[in-house]
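**Q** In this note's numbering, the protein residues as written are 524 to 652. In this text, a Cβ means the ideal position worked out from N, Cα and C, and glycines have one as well. Predicted model, so just to flag it, every value in this text is computed and none were measured.
1) Among 618, 597, 607 and 602, which one has its Cα closest to the Cα of residue 579?
2) In the DSSP assignment, find the unbroken alpha helix (DSSP H) run with residue 624 in it and report its ends.
3) Just to confirm the assignment, what range does the alpha helix (DSSP H) spanning residue 569 have?
4) Count the other C-beta atoms from every protein chain shown that fall within 10 angstroms of the C-beta of residue 644, then say buried if there are 16 or more, exposed otherwise.
5) Span of the alpha helix (DSSP H) holding residue 602?
6) Based on Cα-Cα distance, which residue from 621, 650 and 588 lies nearest to residue 552?
7) Three or more beta-carbon pairs under 8 Å between the stretch 603 to 621 and the stretch 632 to 649, yes or no?
8) When DSSP labels each residue in this structure, what does residue 576 get in the three-state scheme?
9) Can you tell me which of 582, 595 and 603 puts its alpha carbon nearest to the alpha carbon of residue 539?
10) Looking at the unbroken alpha helix (DSSP H) that takes in residue 524, where does it start and where does it end?
11) Which residue from 586, 612 and 614 puts its Cα closest to that of residue 601?
12) What does the alpha-carbon distance come out to for the pair residue 572 and residue 561?
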C-alpha cells in the first residue's frame, strides 16, 4: 500500500513539473514576443529599461525551464547547486539593471556573497564525502 501511495505522489509530482515546464515555456515565448515588439518600437527614453527588464525576465524563465529539465533528466532530483546558481545569476542581473539605490545594491551584493559562500561550502562538503 505504501508503494502505491509513493507511486501516486511521484506521478503527481511529475505531472506538476511537466505542467510547470509548459507554463514557463509559454511565459518564455511571451517574453520573446514582447522583446521583438520592443526592438521594433520607435526609440523612447523608457525603451532601454523595458528591453533590459524583458531580457532579465527571459533569462529567469529560461533558468526555471532548465530546472524542470534537470528534474526529469536527473531521476526526479534537482541539485541544491542549481538553485544556488539561479539565485546568484538572478541577483547579479538585478544589480546590473537596477543599481540606482546604493543601500539596495549593497544588500543585493551581500545576498550574492552569502549564496557564493553557500556554494563554496556545499562543494567542499561534497568533496569530503
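**A** Straight from the coordinates:
1) Out of 618, 597, 607 and 602, 618 has the C-alpha closest to the C-alpha of residue 579.
2) Membership of residue 624 in any alpha helix (DSSP H) is not indicated, and neither H nor E is assigned to it by DSSP.
3) Unbroken run through residue 569: none, as it is neither H nor E.
4) It is exposed - the Cβ of residue 644 has fewer than 16 other Cβ atoms within 10 Å.
5) Premise fails: residue 602 is in no alpha helix (DSSP H) and is neither H nor E.
6) Comparing Cα positions, the closest option is 588.
7) Touching, per the Cβ criterion.
8) DSSP places residue 576 in helix when its eight states are reduced to three.
9) For residue 539, the nearest C-alpha among the options comes from 595.
10) Counting along the chain, residue 524 falls outside any alpha helix (DSSP H), and DSSP gives it neither H nor E.
11) Comparing Cα-Cα distances from residue 601 to each of 586, 612 and 614, the minimum goes to 586.
12) Counting only the Cα atoms, residue 561 lies some 11 Å from residue 572.
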